[in-house]
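Take a look at the structure set out below.
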């Protein structure tokens, strides 16, 4: 199966496009290099020895050193070069190429032999560099760049990097220094401070049916279970008191001789709370082109679910279950999608303490009618207890297993490792079974249609008559 | 026994990672950095050949000097370059007292090429991408300095060489003053501050 990945970022017009330039300079301006000391000492000693020994050949040997140093130091720069980092955008999506500019300026009135600049970035920015207008290797990325820069001129290196991992990624700092006098003088470092590039998670393809177990207000796009004012036809029935005249179905009325009206299902709004369980972490985070850890899968799945339901017009809230729980209140609309994606960037594996995180069920945060999608690896009792607490409190909970293929990963070790792994798998299956018995459907995250079956089952269960004990 | 094997495995892992890092550094090193180091090596070897002359084939010190030259080529930022220049200069001084002009000019050119290449290599990171114009300007400046020096030196030797040696105290005094003047000029250029 081919899985395409599309960015979860909101339309470009919503993202704040900006140009950031920061410059700072530190250190002494110009200092002599070891080469200058070598030239002076070798030249001086050769001349002195030559004079005292009457050896003209030693004077000739020293001559290039003396002339080279004199020519090199004839015009000495007084001001160190200036470096700047320029970023055309502050946000990107996983897999997107971003442009970064490294500018090195000579603010002195003397030509510099070299200005050497280097930009450091987060390891999650896979870079390919090219210095504008010359033959430097475009295949390799953030290596240092050097060029001769005339007075008042600026050398610019355009770098292109692919954001391979979600999260805030550091761009910079950049450092540069100048070289003058044929390598006899070197300037102090000019430093351009680092900037942050917010990389939004890529969204695996995700679709869910319209079925929702519970709905909230009488607005929205979901067809509810109840008849009411809406767009979708439910059937034709006899006219009754309160029916609107515009609902009369005249064809059926004329055929039967009795007033009949069409009736529809009401359209309802839904609230979804995506709960991210990041108390446990496993797997290797290799970026968008490689393996994903649990937190990677959790964040990408949360982005996909949030993106889907917000585009449908629903209200989506986010809650992080970790050592330091966070939440984002439910809201709807494109702006909220942007806020939610930014909120997801701060998600970290955060066990914090040995004790289970304090997790109270706030009615404002997780309303009764909300669908709670728990993205959890189900790796320990904390997660199971939290899900069971939600289910016992009457919430519609779906547990999405984010461990996925990692659960089947073979582990190297002694001969007991395989047995231990089998026991662990059995224990985990038991945990999943217990959750299902408690009324919590558990499904493995698989992108498109991951939630369809469980949501339909939950809707059917919600429609069924309930047994009550009086 | 198990602990020993574990230690051995850890040591192997450490060595492998260290070797991988060295290989990665070598692979990342640019062609220019390699060429500069090769230039230093060849120039210093040429200077050795001029300094030793035919003695190079029989003198055991030649091997030691070549080893020092190789070290200077590998580490252009270190003091090995200065040391190599001094040692080769010393070999030259204790060698022939009246070498032919071509050897003097060859010695001067090779020593300066080694010095200039080491100065250039020392300020460049090993993986630095350098614009072609910067390299060309550096090469032209070096060649001009060598050409001017050899022209002046050659002319001076051609004029002063045939003159009969005159034993006088004025010669060393004038030479010392000349050397002090050059040293003072260079020191003055170095100390000149940006206010100037």
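Residue numbers (our numbering), protein chains in the order written: chain A, 1 to 470; chain B, 1001 to 1196.
Don't be surprised by glycine CBs; every beta carbon is placed ideally from N, CA and C.
When DSSP builds the beta bridges, which residues end up paired with residue i?
i               : result
residue 91(A)   : 198(A)
residue 145(A)  : 117(A) and 1129(B)
residue 328(A)  : 318(A)
residue 238(A)  : 260(A)
residue 30(A)   : 187(A)
residue 84(A)   : 103(A)
residue 373(A)  : 274(A) and 398(A)
residue 1104(B) : Residue 1104(B) pairs with nothing; no bridge assigned.
residue 112(A)  : 149(A)
residue 233(A)  : 264(A)
residue 248(A)  : 261(A)
residue 154(A)  : 105(A)
How would you label residue i, buried or exposed, when you count the other beta carbons within 10 angstroms and need 16 or more for buried?
i               : result
residue 377(A)  : buried
residue 1011(B) : exposed
residue 91(A)   : buried
residue 468(A)  : Here the model assigns residue 468(A) a pLDDT of 46, short of 50, so the residue's position is not dependable, and the following value carries that caveat. Per the 10 Å Cβ criterion, exposed.
residue 1098(B) : exposed
residue 250(A)  : exposed
residue 444(A)  : exposed
residue 68(A)   : buried
residue 1133(B) : exposed
residue 103(A)  : buried
residue 1019(B) : exposed
residue 30(A)   : buried
residue 53(A)   : exposed
residue 130(A)  : Caution applies to residue 130(A), whose pLDDT of 46 falls short of 50 and renders its modelled position unreliable; the model cannot decide the point.
residue 454(A)  : buried
residue 106(A)  : buried
residue 118(A)  : buried
residue 1027(B) : exposed
residue 1120(B) : buried
residue 1199(B) : Chain B is shown only over 1001 to 1196; residue 1199(B) falls outside these bounds and no answer can be derived.
residue 393(A)  : exposed
residue 1104(B) : buried
residue 172(A)  : buried
residue 1004(B) : exposed
Where do the ends of the alpha helix (DSSP H) carrying residue i lie?
i               : result
residue 427(A)  : 415 to 437
residue 1093(B) : 1080 to 1094
residue 389(A)  : 381 to 392
residue 334(A)  : 334 to 344
residue 1070(B) : 1061 to 1074
Please report the residue range of the beta strand (DSSP E) in which residue i lies.
i               : result
residue 320(A)  : 315 to 321
residue 190(A)  : 190 to 192
residue 270(A)  : Where residue 270(A) is concerned, there is no enclosing beta strand (DSSP E), given that its DSSP letter is neither H nor E.
residue 401(A)  : 396 to 401
residue 172(A)  : 167 to 180
residue 297(A)  : Not the beta strand (DSSP E): residue 297(A) falls in the alpha helix (DSSP H), residues 294 to 312.
residue 1030(B) : That residue, residue 1030(B), is in no beta strand (DSSP E); it is neither H nor E in DSSP.
residue 71(A)   : Residue 71(A) -> not in any beta strand (DSSP E); alpha helix (DSSP H) instead, spanning 56 to 72.
residue 291(A)  : Note, residue 291(A): premise wrong, no beta strand (DSSP E); not H, not E.
residue 444(A)  : 442 to 444
Taking residue i and residue j to be in contact with their CB atoms under 8 angstroms, please state how far apart those CB atoms are, rounded to whole angstroms.
i               : j               : result
residue 274(A)  : residue 179(A)  : Going by Cβ atoms, the distance from residue 274(A) to residue 179(A) rounds to 54 angstroms, so no, they are not a contact pair.
residue 39(A)   : residue 65(A)   : 5 angstroms
residue 1091(B) : residue 1051(B) : 4 angstroms
residue 342(A)  : residue 270(A)  : At roughly 23 angstroms, the Cβ-Cβ gap does not stay under 8 angstroms, so residue 342(A) and residue 270(A) are not in contact.
residue 83(A)   : residue 190(A)  : 5 angstroms
residue 51(A)   : residue 1179(B) : 6 angstroms
residue 514(A)  : residue 398(A)  : Here chain A covers residues 1 to 470 and nothing more, so residue 514(A) does not appear.
residue 310(A)  : residue 337(A)  : 5 angstroms
residue 1041(B) : residue 1069(B) : 7 angstroms
residue 112(A)  : residue 149(A)  : 5 angstroms
residue 374(A)  : residue 316(A)  : The Cβ separation is near 14 angstroms, so there is no contact.
residue 121(A)  : residue 170(A)  : 6 angstroms
residue 47(A)   : residue 1173(B) : Not quite, the Cβ-Cβ distance comes to about 14 angstroms (not below 8 angstroms), so this is no contact.
Residues of the stretch 1112 to 1128 of chain B in Cβ contact with chain A at a cutoff of 7 angstroms, in chain order, please. 1112, 1115, 1116, 1118, 1119, 1120, 1122, 1123, 1124, 1125, 1127 and 1128
Select from the stretch 143 to 155 of chain A all residues with a C-beta closer than 7 angstroms to any C-beta belonging to chain B, and list them in chain order. Correct list: 143, 144, 145, 146, 147 and 148.
Below 7 angstroms between beta carbons is the criterion; list the residues of the stretch 1125 to 1154 of chain B that meet it against any residue of chain A, in chain order. 1125, 1127, 1128, 1129, 1130, 1131, 1132, 1133, 1134, 1137, 1138, 1141, 1145, 1146, 1148, 1149, 1152 and 1153
Return the residues of the stretch 1049 to 1065 of chain B that lie within a Cβ-Cβ distance of less than 9 angstroms from chain A, sorted by chain order. So nothing in the stretch comes that close.
Against chain B: residues of the stretch 43 to 60 of chain A by CB proximity under 9 angstroms: Under the 9 angstroms Cβ criterion, the stretch 43 to 60 of chain A contributes 43, 44, 45, 46, 47, 48, 49, 50, 51, 52, 53, 54, 55, 56, 57, 58, 59 and 60.
Can you list, in chain order, the residues of the stretch 29 to 43 of chain A whose Cβ is nearer than 9 angstroms to any Cβ on chain B? 29, 30, 32, 33, 34, 35, 36, 37, 38, 39, 40, 41, 42 and 43
Under 7 angstroms (Cβ pairs) to chain B, residues found in the stretch 164 to 194 of chain A: The residues in question are 179, 182, 183, 184 and 186.
Return the residues of the stretch 1065 to 1083 of chain B that lie within a Cβ-Cβ distance of less than 8 angstroms from chain A, sorted by chain order. 1077, 1079, 1081 and 1082
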